[in-house]
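Below is one structure, written out as C-alpha cells; comments come after it.
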Ligand SMILES: *Cc1c(COP(=O)(O)O)cnc(C)c1O
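In the numbering used here, the protein residues as written are 8 to 382.
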C-alpha cells in the first residue's frame, strides 16, 4: 500500500470530527434551538424534562436528572448519597481526573485500585483489599466505552453495604451482559462534553438512577438546594442542564445507537488492517461487553515516537491518559508513590488513541494504519 502524501484529500484526520456530525443533523438542531428561543424557558425548561424522560428510558432506568457537567453529575451523586468528609470512595487509578476530583469535591477521599491489563478497566481482584470501615462507595469507570466487570463489583458492594456509582461518562449506550451502563449500580453519571458519544454543544451532564430519594435530592442539589422557590433545604449549587443543550441532546439521542454502530464498524476496520502487525496490541472486547468505542486505544512500543510520526502526518492521535491519577500533582496529598499501580503506569507509557468517530471513512482509517506501520 502506498502512503498518501500530505496533500491527500483525506487529510487531516482529526481525533473526532464534530463538524461532520453537525452537517448531518443541522436542520433538526436549528429547529430545536428555535423552539427554545421562541418559548423562552431557558432554565429548567420543557426540553430538560423531555430529555430526562428520553434518556432515562434509553438507559432503562426510572429517573434521570440533568446537571451542568459530568464532573457535577459525579460530585452531586456522592453528596446526594450523603458521602463526604471522613468517607472513602474506591475508583480506578487510570481514570480521567474528573472522577477523583469529584470525590475530593464531595469532601471524601479517593482510594485507588489498579486496572486490568487486558480490559483497561478497574481490576476487580484489587478492590476488596482496599475496603476499610470508612469506605462508602465503589466508583467503577467504563473506560473508553467498555463496561467495567460489574457483577463482581455489585456483589462485593452488597456484601459490604456500599453504594456503586458508575462513571459512565464514556459509555452512552454501552451494555454489560445486555444491561445498559448507567443503570447497573445505584446511580450512573454521564457527561455530554461535545466529544463524547452523546455530546452537547457545550457542557452538560446527567445522573440516571432507580432511586426516587436520590432523584429528589439531586433535583434540589442542582438548583440551590431548593424544591420550592426561595425555600432552601440543602446547601446546593447551580448546576442545571442548560435547556438549549437539552433540546440539542433530544435531537442527537435518536441517532446515538446508529452512531455507536458506526464506531464499532470503524473499530472492526482498524482491527482487520492491524491484526497482523506484531508490535501492536489491539483493544480487547471483553465477553460481557458491548463496547461503544468512545476511544480506540491500542498499545504500541515507542509510543511517543509513533505519536510524533502520526502528528507529522496530520493525524490527530491522543493519549488517554498520559499520567495516572495517583501521579498527578493535584493528588500528591493522597500519598501514593511511583510504582503503586504498576499496570496503570505501564499502560500510560504504551497506550495510543487512534482517530474514531461515526463518520470516519475507510480511506482515513487506512491512512492512519499506514502511518502506524511506517518505520
Ligand atoms: C468526560 C469525563 C468526565 C467529566 O465530564 P465533564 O462533562 O467534562 O465534566 C468524567 N469522567 C470520565 C471518565 C470522563 O471521560
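For every residue, glycine included, the Cβ atom is placed at its ideal position computed from N, Cα and C.
- Beta-bridge partners assigned by DSSP to residue 142: 95.
- Placement of the Cβ of residue 120 at a distance of 7 Å or more from every heavy atom of ligand 1 is found.
- Setting aside the 5 residues that flank it on each side, residue 350 is surrounded in the same chain by 121, 122 and 124, each with a C-beta closer than 6 Å to its C-beta; the list follows chain order.
- In the three-state DSSP reduction, residue 217 falls in the coil class, being neither helix nor strand.
- Distances from the CA of residue 162 to each of 99, 357, 192 and 110 were compared; the closest alpha carbon is that of 192.
- Taking the Cβ of residue 77 as the reference point, at least one heavy atom of ligand 1 falls within a distance shorter than 7 Å.
- In the structure shown, residue 120 falls within a strand segment according to DSSP collapsed to helix, strand and coil.
- Here the C-alpha atom of residue 104 lies approximately 6 Å from the C-alpha atom of residue 332.
- Using a cutoff of 7 Å, the CB of residue 237 does not count as near ligand 1, since none of the ligand's heavy atoms is closer than that.
- Contact annotation, residue 251 with residue 32: C-beta distance approximately 15 Å; criterion of less than 8 Å not satisfied.
- The segment 58-115 contains, as complete alpha helix (DSSP H) runs of 4+ residues, the segments 77-87 and 104-112 (chain order).
- Distance from the CA atom of residue 159 to the CA atom of residue 149, rounded to whole angstroms, is 15 Å.
- Distance from the CA atom of residue 168 to the CA atom of residue 143, rounded to whole angstroms, is 8 Å.
- In the structure shown, residue 152 adopts helical secondary structure according to DSSP, grouped into three states.
- Not one heavy atom of ligand 1 sits closer than 7 Å to the Cβ of residue 47.
- Spatial neighbours of residue 320 in its own chain (CB-CB distance under 6 Å, excluding positions within 5 residues in sequence) are listed in chain order as 378.
- A check of alpha carbon separations from residue 166 across 314, 134, 175 and 226 identifies 134 as the nearest.
- Contact between the segment 167-185 and the segment 225-241 is absent: fewer than 3 CB-CB pairs across the two stretches fall below 8 Å.
- Shown here for residue 79: same chain residues with a beta carbon closer than 7 Å to its own, the five before and five after excluded, namely 212 and 246 in chain order.
- Exposed is the label assigned to residue 337, since fewer than 16 other Cβ atoms lie within 10 Å of its Cβ.
- Relative to the non-hydrogen atoms of ligand 1, the Cβ of residue 105 comes within a distance shorter than 7 Å of at least one.
- Residue 114 and residue 51 have their alpha carbons spaced roughly 27 Å apart.
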